[in-house]
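**Student:**
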Amino acid sequence: MDLNGFDLVAEDEEVVQFVLSIANDETRPPFKEVVHWINKHAHARKGIHTNKE
755 MDLNGFDLVA
765 EDEEVVQFVL
775 SIANDETRPP
785 FKEVVHWINK
795 HAHARKGIHT
805 NKE
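Our numbering puts the first residue of the sequence shown at 755, with every later residue one more than the last.
What follows is the structure, given as structure tokens:
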């Protein structure tokens, strides 16, 4: 998944389950945990298609 120059590196099912947990008031993780998960799975894209703004 392209995130403005970053790739989200995770299995589709893992992304779906995490998004569903965020969307559910009863299972929503704390904001810091969400940020940590995104940082853990987002990797800067290398190569000619990287945004250089």
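Think of the CB as a built atom: it goes at the ideal place given N, C-alpha and C, for glycine as much as any other residue.
Give every residue of the same chain whose Cβ lies closer than 8 Å to the Cβ of I776, excluding the five residues on either side of it in the sequence, and list them in chain order.
**Tutor:** Short of 8 Å from the beta carbon of I776, and not among the five residues preceding or following it, lie these beta carbons of its own chain, in chain order: R782, P783, V788.
**Student:** From R799 to V769, what distance separates their C-alpha atoms?
**Tutor:** 19 Å
**Student:** For the alpha helix (DSSP H) holding D766, just list the boundary residues, first then last.
**Tutor:** 766-777
**Student:** Using beta-carbon positions only, say whether H790 and D761 come within less than 8 Å of one another.
**Tutor:** No. Outside cutoff.
**Student:** Would you mind giving the Cβ-Cβ distance between M773 and H795, rounded to the nearest angstrom? I have them listed as a contact below 8 Å.
**Tutor:** Here residue 773 is Val; the residue named in the question, Met, does not match the sequence. That pair is no contact at about 12 Å.
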